[in-house]
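J.:
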Amino acid sequence: MKMKTEFVHYMPKVLQNGVLYVSQEFNTAAHLCACGCGEKVRTPLTPTEWRLSNTEKGPSLKPSIGNWQLRCKSHYWIANGNIIWAREWTRAEIEEGRKSEQLRRRSYFNRGINNAPVTVVQKIWQWLKRWFG
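Here the sequence shown stands for residues 1 to 133, where the numbers follow our numbering.
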């Protein structure tokens, strides 16, 4: 499937297959799941979530889209308008990914509070604390 970008103010109630709807005003994107299950997938476009780039070849979203909360549990990238399928994650990988997302968000928002970037040592310490409790 090839994806194209459609810029909108508000998300339409009915989404079309193969269209990545982007609301710049609300910093969000939405599309129908690439697996064909028909579920709506919403991706916040913020520094701690997804990043959108749009070229002549089509849209790209980073990081990958893991629909862990959907029945299909599909996992894919949107890159230059193409769907690139990724392997299915295990339950443990999903949980670890969620923890990593939480750490990334905390790090991003805490940076504004103390105005100090997280050092490599702090990142390693956080990683060790996650693994060893």
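For every residue, glycine included, the Cβ atom is placed at its ideal position computed from N, Cα and C. Computed from a predicted model, the values in this text were never measured in an experiment.
Ignoring anything shorter than 3 residues, give me the beta strand (DSSP E) runs that lie fully in the segment 54-125, in order along the chain.
T.: Counting whole runs of 3 or more residues, the segment 54-125 contains the beta strand (DSSP E) stretches 58-66, 75-79, 82-85.
J.: Note down, in chain order, each residue of its chain lying with its Cβ closer than 8 Å to the Cβ of Glu49, except the 5 sequence neighbours on either side.
T.: If we look at Glu49 and ignore the five residues flanking it on each side, its Cβ neighbours are Thr43.
J.: Using DSSP bridges, identify the partner residues of His31.
T.: Paired residues: Val41.
J.: Can Met1 and Ile83 be called in contact, C-beta distance under 8 Å?
T.: Yes.
J.: Report the partner residues of Tyr21 according to the DSSP bridge assignment.
T.: DSSP lists Glu6, Ala30 as partners of Tyr21.
J.: Where Glu96 and Phe7 are concerned, what is the direct C-alpha to C-alpha distance, given to the nearest angstrom?
T.: Roughly 33 Å between the two C-alpha positions.
J.: Going by beta carbon distance, what residues of the same chain come within less than 8 Å of Cys37, once the five residues before and after it are set aside?
T.: Result list for Cys37: Leu70, Arg71, Cys72, Ser74, in chain order.
J.: How about Leu15 and Pro59: do their beta carbons lie closer than 8 Å?
T.: Not closer than 8 Å, so no.
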